[in-house]
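Numbering (mature numbering (1 follows the signal peptide of the UniProt record, and there is no 0)), first residue to last: -19 to -1, 1 to 1049.
Quick look at the structure:
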């Protein structure tokens, strides 16, 4: 219905009703101002008809306001908002819901109907200390009638707009042109007949290989298909040699290059994050870890069945040298059909008593110029220590500070219009689901926001006397204070925010009289007298006109029978100020007998949680140790655990179950435990090293000599004529540089550890060292890094000139784990190979590589230069990519695979520099991610955590704190949405993306699009296929008709062949 038509029809539609009408049987919705500006034209027309500012319709009329940070992707959206407002709005006469939603689809309805809470099979109910039974109830307040709902749903609608550039496009230009002539004598016999491990220098027994037939390497040719892009640009640059280098496209443009020297053009398309004021970018990367790789040989193969090549080698001393090779490889004699080469790795086994010891504490200004980011920090925000830019509480110091934050299970926000701090719970029956897509799944789902059910305030707080401060910010907590006084004051409400906390707690300091309000209306307030030993505790049951029930617990410093809460106007107000008064709120269980657990823990509250952990080989133990204040009957708080926590919770916790369940926003049902620590016992997988690996593969990779020949020829071709340092340095983006460095580092690894071409490996190693030497100098590169002294970090200068979208917003801490993950992984590969040649590159550059690790994953508060774990959220089990950008839906992450790529690279780097704690920490994080990501981001058919209507999508798309949207920030093509959760494919991929999941995803979605994808995404999808079907994947990459244009510019055919061949042979 158009707005004009709606307004002109108002006399026929509206009838005035008052809030105290008792006998009106029609459902009523009052349309008033919301958290967003009421559309001006509608408001004025309504006033003209009714002569009033507030209106109650006699029919179900719902006004839905889109979050201005996240425009709804809907044909229905498009009416102009009021002057000065942003966003879109929609009107509808659908059945009213206080939580609303513009798309009440059949899929949504079925999801709501089929939603069930999840039982905890490992939980045992803990006994109560006291019965805490209610002996008397007195009604404090009861409305004369069912109060009409006078609040409109503030919603974060649907799919973010896709205006970002394709992250597969790398910007590159060619500089320099010096060439290097490579000559090598490469002979597999040195590997096949070796009895000494050349890497580690100790004798190994000669292995006898199982007789296997080499996999068929023939591949059908794939027909070209049109690219999903608005333009296709081909650029060709000829220098010397004949290498082919190509880029692919996601989104706005496709670039393909046929180069010998490497040519690419940078896309400078900015994109906006519709859920926040900027975008959260994506990044691919992954690496493998292995402490030692052994090559053993079989007597079956003789030197006549090996590859050999000969030419003369000459290296130039130029700082930017290109590798040009005229080497030709050939088989000296017919390969033995039964001959296979097996390379083995040795799993690492460490005992570390403290997994969270500091990596280093050196000053970043030693390498990077110090300065402050041009991002303001509001008054009242503590800057005494580095700030968690990507932590859950960041909305409290970003934007206007009124966007929500989630501690799980509750959500909170600064309710400025109510002069308080608000809490709300998640009702799964009120979720809004998008339309069904071609997968049969919902496009998205989200929960209503800014609906404060209980708002903690004080009578002295007002519009002009309402000051928020945030301090004690750690990786799992923050302390919020509200005061009527600006500056330091003894009069304030303290509100600790801690992951998993069972109560929303407010502590009143000074002479403030408590006031509680709601955006709804109090329907009834009942004081329940409880037979208890705690005579300082008073219990209230509050029912809202929404139907929701909350429990309020008031704990007095000492017994005071004169203290009362009573209704004044529409608020619940204390009759006097009490210094040290504690008021706690919890959503009431449907089974009132469970109230007793809340009663016995009331008066005590959590203030922080520290992460502790140790490991003994593959057995890891870690815990979230909660700090508490106050006292309670149980002397322990209630802590809620997420579904992935339940898989490894220690019996010391599972035996303390309260039976209370609450829904989280997007991570399923949470379970409450009576405990001051969530303790976990985990078994890590230490088989994941540098060699290709998938589950069930063990610690060896096997190749036929035919495969080795092709891998070697491909590696030489991919580096021939490419000026590697100049190619990488010519791109401006830290992300793109990292992808290219990682690509060539993987080729280095394959040349050295798999095909054993020492000469080629040494020359490529030299080029990669030249690149890192130039990048670490931090001058003359696209976006130099800086030491940010305001928030604490090493970050890009890309955004300092006002272009907040440059390099995916990385300068403002977006995607650091994505960007730095490639660099750290590449450094690990370089250091690994260099060590085998007796080099000290890793030790010489340890401080600077560690600086990148510390920025993303500093494990210790003893390191004063970086926040503790900027990206990885230990409670959630995955990282958050969004940095210093306010977002209505909270933090988000798009690329699960680039997330775990960082920690895989960190693990390998720890291995190379002999930092056992770092390596073990990486192993543990990867295992935790495998559990969390397969619950919240990757959906097998047996997933019981997500709503059923989401499961057919197989992947989340973008996971927000409050929303899941099956899309990307750079487009809605299926290959984008799925591919961004795949790249880069490395040994760690096999741990996270299990064969059953990958098979389901392939058969239900990818198989339907693969023949129409003709871009760099093709290579990513096809190498991902190897995780469950190595033979088909290898057949694709080994085809004589293979086109390099089907590779992402961060992906090499060399690694793709090496990975898929090893997996295919393991599946024979």
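No residue lacks a Cβ here, since even glycine has one placed at the ideal position from N, Cα and C.
Short of 6 Å in beta carbon distance, which residues of its chain neighbour residue i, apart from the five on each side in sequence? Order them along the chain.
i            : result
residue 730  : 810
residue 362  : 378 and 451
residue 849  : 456, 839 and 842
residue 855  : 592
residue 608  : 588 and 589
residue 1048 : 1011
residue 1041 : 1007, 1011, 1014, 1015 and 1018
residue 459  : 374, 451 and 478
residue 733  : 742 and 814
residue 510  : 116 and 117
residue 682  : 324, 672, 673 and 1043
Residues in its own chain within less than 8 Å of residue i by CB, not counting five upstream and five downstream?
i           : result
residue 554 : 440, 494, 495, 496, 497, 546, 547 and 548
residue 666 : 599, 904, 907, 908 and 972
residue 586 : 477, 482, 484, 486, 488, 563, 565, 609, 610, 611 and 618
residue 110 : 581, 614 and 615
residue 728 : 696, 699, 700, 745, 1033, 1035 and 1036
For the alpha helix (DSSP H) that contains residue i, what are its first and last residues?
i            : result
residue 552  : Unbroken run through residue 552 is the beta strand (DSSP E), 552 to 555; no alpha helix (DSSP H).
residue 609  : Careful: residue 609 lies outside any alpha helix (DSSP H), inside the beta strand (DSSP E) at 600 to 611.
residue 824  : 822 to 825
residue 849  : Residue 849 -> no alpha helix (DSSP H), and no H or E assigned at all.
residue 1016 : 1011 to 1018
residue 983  : 976 to 985
residue 496  : No alpha helix (DSSP H) contains residue 496, which is instead part of the beta strand (DSSP E) from 495 to 498.
residue 879  : 877 to 893
residue 634  : 632 to 635
Might you give, ordered along the chain, the residues of its own chain that have their beta carbon closer than 7 Å to the beta carbon of residue i, omitting 5 neighbours on each side?
i            : result
residue 1039 : 673, 692, 731 and 735
residue 397  : 383 and 447
residue 345  : 768, 775, 832 and 846
residue 442  : 400, 401, 463 and 465
residue 986  : 420, 935, 955 and 959
Can you name the start and end residues of the beta strand (DSSP E) that residue i belongs to?
i            : result
residue 403  : 401 to 405
residue 1001 : Element bounds for residue 1001: not the beta strand (DSSP E) but the alpha helix (DSSP H), 997 to 1006.
residue 530  : 530 to 536
residue 817  : Element bounds for residue 817: not the beta strand (DSSP E) but the alpha helix (DSSP H), 797 to 817.
residue 460  : 458 to 464
residue 776  : 774 to 777
residue 681  : 681 to 684
residue 325  : 322 to 327
Is it buried or exposed for residue i, if we count other Cβ within 10 angstroms and need 16 for buried?
i           : result
residue 833 : buried
residue 780 : buried
residue 708 : buried
residue 415 : buried
residue 597 : exposed
residue 512 : exposed
residue 556 : exposed
residue 104 : buried
residue 968 : buried
residue 720 : buried
residue 818 : exposed
residue 784 : exposed
Pull up the CB-CB distance for residue i and residue j, whole angstroms please, since I reckon it's below 8 Å.
i            : j           : result
residue 659  : residue 604 : 6 Å
residue 663  : residue 601 : 5 Å
residue 121  : residue 507 : 6 Å
residue 948  : residue 961 : Actually they do not touch by this definition, with Cβ atoms about 10 Å apart.
residue 426  : residue 931 : 7 Å
residue 532  : residue 578 : Not a contact, Cβ separation roughly 11 Å.
residue 1134 : residue 722 : There is no way to answer for residue 1134, as the model of the chain reaches only from -19 to 1049.
residue 874  : residue 940 : 5 Å
What residues are listed by DSSP as bridge partners for residue i?
i            : result
residue 664  : 600
residue 1067 : There is no way to answer for residue 1067, as the model of the chain reaches only from -19 to 1049.
residue 342  : According to DSSP, which records beta bridges pairwise, residue 342 is partnered with nothing at all.
Is any beta-carbon of chain C found at less than 8 Å from that of residue i?
i           : result
residue 813 : Absent here is chain C; the protein component of the structure consists of one chain.
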